[in-house]
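To start, the structure itself, in structure tokens.
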Amino acid sequence: MVFNNETRKAAVEALLDDARQLWRNRSLLRTLVRREISARHAGTAAGAMWSYIQPLLTVAVYYLVFDIVFAMRLGEQAPVRAVGTFLIVGSLPWMAFCEFINRGMTSLVDAGGLLQKNALPPVLFPVRSVLASSVVYGPLILALIPLYGAHHHYQAALLALPVLMLLQTLLALFMAYLLAILAAALRDTVQVVGFLLSLGVFISPILFPLSQFPEAGRWALWINPITPFVLAYQSVFLTGQWPPVAHWGVMLMWVLGCGSLLSLVLGRSRDHLVDWL
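With this note's numbering applied, the sequence shown closes on residue 287, and no number is skipped along the way.
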């Protein structure tokens with residue numbers, strides 16, 4: 011498929027138009043995000059607190075089982091010896107990424123009836139899902155600062171966290187919106203992506219340090235878009251060092267690549283999206 015200058019211009023304009031729609035409907039977006047958070051655990055005694063309790067229990071189990079009960083330790087080249095302490099730093103961003111993708115990917119299909127009856131911008135719904143999840147996982151990741159910062163005396167590398175979290179959210183938003191459009195056109199997208207996410211934790215430096223993967227096969231880890239982000243979080247939290255420039259470069263490549271692909275898909279699907287729903 012050949013994309014001429016007019017096609018590329020239309021694709022960029024489609025993405026910019028969605029950005030303008032978000033700005034014009036920012037009050038509605040805030041309302042949708044609040045309702046999304048409340049609706050996820052409606053009817054439960056703890057309410058929205060369940061969104062925080064579940065990942066907190068997960069990381070607590072990692073620490074209790076691996077560091078306290080079994081006292082498991084990683085190799086000498088690992089950034090930290092305690093297994094549970096290592097797992098928590100990679101697993102929280104991974105859980106956030108999976109939450110962003112899973113909820114954002116089905117957002118347009120779930121809102122199909124509403125979009126068919128009302129002239130609302132479709133972009134509101136994947137953005138709503140991602141922002142609602144970021145309200146949960148953003149504070150959880152920041153809560154690691156007092157837990158890990160004391161080990162390296164709160165090095166200045168912690169200042170990289172806001173940019174790192176912003177880039178991860180932006181990447182997840184682009185991917186979730188792109189997958190939401192594909193899921194509207196072909197429902198099998200949800201099943202395929204769910205399977206890939208279940209494998210993704212094994213094709214990343216989350217369960218084991220990068221140094222413990224066979225050197226000849228490490229290239230495969232970079233197929234996973236979360237890899238540079240996990241390595242960056244590990245640098246900041248575990249060693250108090252700024253993420254290497256190469257990791258920032260890979261993160262930006264993923265963000266720009268997904269943004270470009272999303273703009274092309276938006277330009278070609280805008281007139282058919284509501285009909286697919």
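The beta-carbon is built from N, C-alpha and C at its ideal position, and this holds for glycine as well. Remember, predicted model here, so these are calculated numbers, not experimental data.
Given residue i, which residues of its chain have a CB within under 7 angstroms of its CB, disregarding the five upstream and five downstream residues?
i	result
LEU271	LEU188
LEU168	ILE155, GLY159, VAL246
PRO235	LEU181, TRP264
LEU192	THR199
ILE213	ALA230, LEU231, ILE233, ASN234
CYS268	LEU181, PHE184, MET185, LEU188
From which residue to which residue does the alpha helix (DSSP H) around residue i run?
i	result
THR41	36-50
PRO254	It is not in any alpha helix (DSSP H) - PRO254 carries neither H nor E in the DSSP assignment.
MET105	93-115
PHE205	198-210
ASP285	283-286
LEU124	122-127
ARG280	Counting along the chain, ARG280 falls outside any alpha helix (DSSP H), and DSSP gives it neither H nor E.
SER214	Careful: SER214 lies outside any alpha helix (DSSP H) and carries neither H nor E.
MET82	No alpha helix (DSSP H) holds MET82; DSSP gives it neither H nor E.
Measuring straight from C-alpha to C-alpha, what distance separates residue i and residue j?
i	j	result
LEU39	PRO65	25 angstroms
MET59	ARG50	10 angstroms
LEU287	LEU196	10 angstroms
VAL71	ALA24	45 angstroms
SER48	SER61	10 angstroms
VAL211	LYS127	39 angstroms
VAL173	ASP77	30 angstroms
ASN35	ALA121	17 angstroms
LYS19	HIS161	50 angstroms
VAL275	GLN87	43 angstroms
ILE233	ALA182	15 angstroms
LEU1	PRO254	Beyond the ends of the chain as shown, which are 11 and 287, falls residue 1; an answer cannot be given.
TRP264	ARG228	18 angstroms
ALA230	LEU134	34 angstroms
ASP27	ALA129	15 angstroms
GLN222	LEU157	25 angstroms
LEU150	ARG45	21 angstroms
VAL146	ASP281	34 angstroms
GLY123	VAL202	24 angstroms
VAL12	GLY277	Interpretation of VAL12 is limited by its pLDDT of 47, a score under 50 that renders its predicted location unreliable; no figure is taken from the coordinates.
THR41	ALA194	24 angstroms
ALA170	ASP285	43 angstroms
VAL69	GLN31	38 angstroms
ALA29	PHE184	12 angstroms
TRP104	ARG91	21 angstroms
Give me the Cβ distance between residue i and residue j, rounded to the nearest whole Å; I'm assuming they're in contact under 8 angstroms.
i	j	result
LEU220	LEU241	7 angstroms
LEU141	ALA190	In fact, because the Cβ distance is near 14 angstroms, the residues do not count as touching under 8 angstroms.
GLY148	MET175	6 angstroms
TYR291	THR54	Because the chain spans 11 through 287 in this model, residue 291 falls outside it and cannot be assessed.
PRO132	LEU283	6 angstroms
VAL260	PRO238	4 angstroms
Which residues in the same chain as residue i place their Cβ atom closer than 8 angstroms to its Cβ, once the five residues preceding and following it in sequence are excluded?
i	result
LEU154	ILE98, VAL99, LEU102, PHE247
HIS163	GLY250
ALA186	PHE110, ILE111, ARG113, GLY114, MET115, SER117, PRO136, SER139, VAL140
SER273	ALA21, VAL22, ALA24, LEU25
GLY204	ASN112
LEU262	LEU177
Kindly list the residues whose CB is nearer than 6 angstroms to the CB of residue i, restricted to its own chain and excluding five residues on each side of it in sequence; keep chain order.
i	result
THR249	PRO89
For the ligand FAD, is there any heavy atom lying closer than 7 angstroms to the beta carbon of residue i?
i	result
SER214	For the ligand FAD, the structure offers nothing, since it holds no ligand at all.
### Query
Three or more beta-carbon pairs under 8 angstroms between the region 68-88 and the region 106-114, yes or no?
no
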